[in-house]
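Q: Chains as they are written, first to last, in the working numbering: chain F, 1 to 490; chain W, 1 to 427.
(1) Quick one: give me the first and last residue of the beta strand (DSSP E) that residue 102(F) is part of.
(2) Mind listing the chain F neighbours of residue 56(W)? Cutoff is C-beta to C-beta under 7 Å, in chain order.
(3) Can you tell me whether residue 84(F) is buried or exposed, with buried defined as 16 or more other CB within 10 angstroms of its CB?
(4) At a Cβ threshold of 7 Å, is residue 19(W) touching chain F?
(5) What's the C-alpha gap between residue 38(F) and residue 136(F)?
(6) With DSSP as the reference, identify every bridge partner of residue 469(F), one or two as the case may be.
(7) Does chain W have any CB closer than 7 Å to the CB of residue 285(F)?
(8) Please classify residue 7(F): does DSSP put it in a helix, a strand, or coil?
(9) So, with DSSP's three-state summary, where would you put residue 362(F)?
(10) Nearest to residue 114(W) by alpha carbon, out of 332(W), 348(W), 33(W) and 249(W)?
(11) Measuring straight from C-alpha to C-alpha, what distance separates residue 303(F) and residue 288(F)?
(12) Taking 6 Å as the limit between beta carbons, can you name the residues of its chain near residue 424(W), skipping five residues before and five after?
(13) Taking the alpha carbon of residue 52(F) as the reference point, which residue from 62(F), 150(F), 471(F) and 78(F) has its own alpha carbon closest?
(14) According to DSSP, is residue 47(W) part of a helix, a strand, or is it coil?
(15) Hey, quick one: how far does the beta strand (DSSP E) through residue 296(W) stretch, first residue to last?
(16) Taking 7 Å as the CB-CB limit, is residue 181(W) close to chain F?
(17) Between the C-alpha atoms of residue 426(F) and residue 305(F), what's the straight-line distance to the nearest angstrom?
(18) Can you pull out the residues from the segment 297-311 of chain W whose beta carbon lies closer than 9 Å to at least one beta carbon of chain F?
(19) Quick check: the Cα distance between residue 379(W) and residue 385(W), rounded to an integer number of angstroms?
(20) Quickly, what does DSSP pair residue 340(W) with across the bridge? List them, please.
(21) Let me know if residue 454(F) comes out buried or exposed under the rule of 16 or more other beta-carbons within 10 Å of its beta-carbon.
(22) Are the C-beta of residue 11(F) and some C-beta of chain W separated by less than 7 Å?
(23) Is there a Cβ of chain F sitting closer than 7 Å to that of residue 8(W), yes or no?
(24) In whole angstroms, what is the alpha-carbon distance linking residue 362(W) and residue 333(W)?
(25) What's the gap between the Cα of residue 333(F) and the Cα of residue 213(W)?
(26) Strictly below 9 Å CB to CB, what residues from chain F border residue 77(W)?
(27) For a test of the three-state rule: what should DSSP assign to residue 372(F), helix, strand or coil?
(28) Assuming the contact rule is C-beta atoms closer than 8 Å, residue 231(F) and residue 215(F) should be a hit. Round their C-beta distance to whole Å, please.
(29) Can you tell me whether residue 228(F) is buried or exposed, with buried defined as 16 or more other CB within 10 angstroms of its CB?
(30) Please name the residue or residues paired with residue 223(W) in a DSSP beta bridge.
(31) Given this structure, state the Cα-to-Cα distance separating residue 97(F) from residue 74(F), to the nearest angstrom.
(32) Identify the continuous alpha helix (DSSP H) that holds residue 142(F) and give its terminal residues.
(33) Rounding to the nearest angstrom, what Cα-Cα distance links residue 38(W) and residue 91(W) in this structure?
(34) Please report the residue range of the alpha helix (DSSP H) in which residue 433(F) lies.
(35) Which two residues bound the contiguous beta strand (DSSP E) that contains residue 379(F)?
(36) Out of 179(W), 164(W), 187(W) and 189(W), state which residue places its alpha-carbon closest to the alpha-carbon of residue 204(W).
Shown next, in the form of structure tokens:
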């Protein structure tokens with residue numbers, strides 16, 4: 001069944017495009033559908049939503065210390081997906097305000113992006129977080145539908161801070177841009193796209209307590225640090241940009257789809273208090289590929305992703321004259337991350353609703369090495385991750401629509417090893433060992449979500465969404481996440 | 001058309017280009033060290049040599065035993081290293097001495113490097129040594145910094161009476177946390193100083209018996225009358241007194257305690273020890289009189305200072321103290337800010353500290369105290385004196401006067417309750 005036919009059926013038999021908008025099935029083509037020129041295939045019908053809500057996630061212990069023990073946040077979110085006769089337009093704007101809890105070994109924001117060059121101290125704590133996002137895309141066609149194109153622009157502003165010592169204050173700005181073009185060949189579009197983002201983060205840590213200050217450390221991976229600059233260098237800047245290209249084939253109705261993409265990120269860290277000393281930089285190369293088959297009611301895909309990250313420590317000479325002369329650079333940190341996944345989704349339309357079932361199985365291999373220390377530190381992990389999910393959306397009487405979903409995931413670790421870090425490691429080494437032990441253990445999580453929408457008139461609906469997720473990890477770590485949101489859809 | 005569609009991404013890849021790290025792989029590099037021994041030392045008596053490579057980037061040390069060898073090659077990670085050497089040597093007179101050397105900031109590139117390390121035989125000056133520096137001061141109950149209760153202790157670590165008369169206490173001109181390319185660079189021959197205060201006396205007026213100490217205070221009064229978190233220094237042997245030209249900063253003179261003879265100080269107000277401990281402090285026997293010294297040993301040092309606004313030529317005028325006059329010197333710094341020792345390694349190969357970061361508020365009520373090696377037969381402590389302040393001193397410990405008087409050991413006013421010989425070894 002084509003998307004158009006699905007919408008037609010939906011409109012004929014049940015309300016609203018609310019039910020026709022099935023995004024779960026699109027998860028099998030998540031890489032390919034990132035191209036803005038393909039946004040017309042994201043949903044079967046126009047739908048906009050305004051939501052406000054609250055979410056709380058908490059763990060007994062931080063699964064990964066730099067990310068903390070969870071977060072609570074209130075949010076306001078508005079998004080639209082609008083199909084007109086000439087174009088598909090999307091837009092979103094959101095504001096979140098909350099607190100990330102129990103962070104250790106990281107006083108900067110976006111730790112996954114800037115890893116391994118975190119700035120940290122031995123205290124840590126909660127972090128207030130405030131984030132604004134907005135953006136949108138435009139996609140259309142010309143030449144009688146033989147050519148398609150799309151452009152996308154997003155902006156993110158993030159501020160994170162703590163109001164007790166140590167007092168980090170981080171400000172992040174990120175501007176994303178993507179552009180893609182496609183040509184129809186028979187029943188397929190061949191699409192090529194380019195995307196890029198510019199990233200900057202400014203961070204500082206201050207102390208006002210009478211009890212004094214502690215050392216600020218500049219980490220270099222696997223629990224190591226740039227010992228020379230540990231101490232009072234409390235102001236840092238990160239700046240970088242990522243760029244990439246993607247080539248895709250996409251069926252206009254049903255059929256095979258495939259994409260291959262390459263992205264690279266360069267990001268540098270600067271210590272502002274040492275005459276803007278460029279201490280480290282990250283170079284990250286990523287290749288990803290996806291291929292699958294999309295039918296009307298089902299789709300399957302296989303994908304692979306290879307990511308290689310180099311962390312480079314710049315080595316400086318004698319700082320005579322208040323300037324550190326750069327001598328040479330050493331690629332001390334290396335990480336390779338490979339994943340392969342198989343996904344499938346099946347959708348069934350009832351007279352009064354829709355049921356979608358999806359499943360996935362992923363293999364993930366991760367290896368990271370730090371060779372700048374006397375004893376080479378190396379961590380290897382392999383994960384096997386199965387997951388299933390189901391969602392239902394359908395009428396409940398004449399005035400209500402019920403949306404419900406359930407999913408379960410598991411993570412098994414058939415192989416792991418950590419070398420070069422011993423019991424005599426310092427605070428950050430021990431923290432890394434703790435994180436590794438948790439990551440090397442099994443975990444399962446299950447989630448339930450339900451929303452009840454009251455149809456006001458035509459395609460307008462007002463609803464309440466509730467969600468719950470429970471996570472059980474090794475070392476008896478449990479996490480619970482709750483969410484509640486009021487939504488107005490139209 | 002297909003060709004064009006395929007061509008575009010290829011072109012795009014070319015435009016964007018793959019990201020390259022342009023960095024060297026950190027494979028171990030060959031580090032060659034040639035050890036240069038003073039000409040008057042017979043190398044046949046050399047043994048138990050050991051080289052230590054301290055990587056200043058990672059903070060890790062690697063020790064390599066080298067026996068009696070004078071050319072050593074070893075593999076280390078590329079980086080910038082402080083390399084130190086120690087060995088035992090039998091001198092021509094049959095006496096065993098320590099042979100030491102240190103060279104800082106050696107750049108071992110991925111292609112390897114070699115360097116020459118000059119050594120020296122550690123000389124026992126057979127004189128007083130600095131046993132304690134209390135430069136941090138205390139805090140008032142209000143949290144404000146309290147000045148005036150700083151002190152220096154000298155100790156007779158020898159087996160005979162030593163006369164303190166004429167011994168000069170000095171402060172280094174340069175900071176251990178700030179380094180410039182100084183012209184002229186006199187570090188191999190002199191210590192640049194900015195304060196000199198001399199113990200008076202005709203030569204035998206102030207005997208110090210073995211195991212005895214001299215307490216030299218900034219202001220020798222009972223400071224508890226002003227700051228209840230401080231302690232009594234009225235029993236000091238000497239105090240340094242400055243006739244200040246700044247009315248807002250005046251000194252207090254206790255007439256019951258003898259003043260040091262002020263030879264020179266950079267400030268026209270009052271001299272205080274650097275309370276973050278960023279300088280070196282020492283004692284010297286100056287063999288010339290005050291006037292001759294002040295007229296003959298003054299010099300101007302020039303250097304460039306680079307800031308965000310540009311590079312500026314700077315100069316300072318100070319005094320130089322020939323290394324052979326120096327009896328003892330202790331480099332102090334802050335762990336997070338330390339850059340260099342302001343004297344030759346022959347005088348001091350290490351440094352000590354109070355606090356871990358610059359401006360550390362925990363540093364108050366703390367001192368650096370020389371380690372006790374053992375207690376002699378007469379019960380007197382034998383202190384460590386290897387001319388390496390990192391090894392010789394217990395850093396960041398409770399001052400002896402606070403311990404002895406049981407006065408406040410912190411801003412909370414809680415009194416010190418333990419008694420130690422050196423801040424660590426309990427009595």
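Just so you know, even glycine gets a beta-carbon here, dropped at the ideal spot from N, CA and C. Fair warning: this is a prediction, and the values are worked out from it, not measured in the lab.
A: Short version:
(1) Start and end: 87-103.
(2) 228
(3) exposed
(4) yes
(5) 14 Å
(6) 447(F) and 481(F)
(7) yes
(8) Because the pLDDT of residue 7(F) is 43, which lies under 50, any placement of that residue in the model is unreliable, and the question is left without a value.
(9) strand
(10) 33(W)
(11) 7 Å
(12) 394
(13) 78(F)
(14) strand
(15) No beta strand (DSSP E) holds residue 296(W); the alpha helix (DSSP H) holding it covers 290-296.
(16) yes
(17) 34 Å
(18) 303, 304, 305, 306, 307, 308 and 311
(19) 18 Å
(20) Beta bridge pairing from DSSP links residue 340(W) with no other residue.
(21) exposed
(22) Low per-residue confidence applies at residue 11(F): pLDDT is 44, beneath 50, and the placement is therefore not dependable, though the value from the model is reported in the following sentence. No, residue 11(F) does not count as interfacial toward chain W.
(23) Only weak support exists for where residue 8(W) lies, its pLDDT of 45 falling under 50; the coordinates are left without a value.
(24) Their backbone Cα atoms lie some 15 Å apart in a straight line.
(25) 53 Å
(26) 330, 332, 371, 372, 373 and 374
(27) Residue 372(F): coil per DSSP, three-state reduction.
(28) 5 Å
(29) buried
(30) Beta-bridge pairing links residue 223(W) to no other residue.
(31) Computed Cα separation, rounded: 5 Å.
(32) Premise fails: residue 142(F) lies in the beta strand (DSSP E), 125-142, not in any alpha helix (DSSP H).
(33) Here the C-alpha atom of residue 38(W) lies approximately 11 Å from the C-alpha atom of residue 91(W).
(34) 427-439
(35) 377-396
(36) 164(W)
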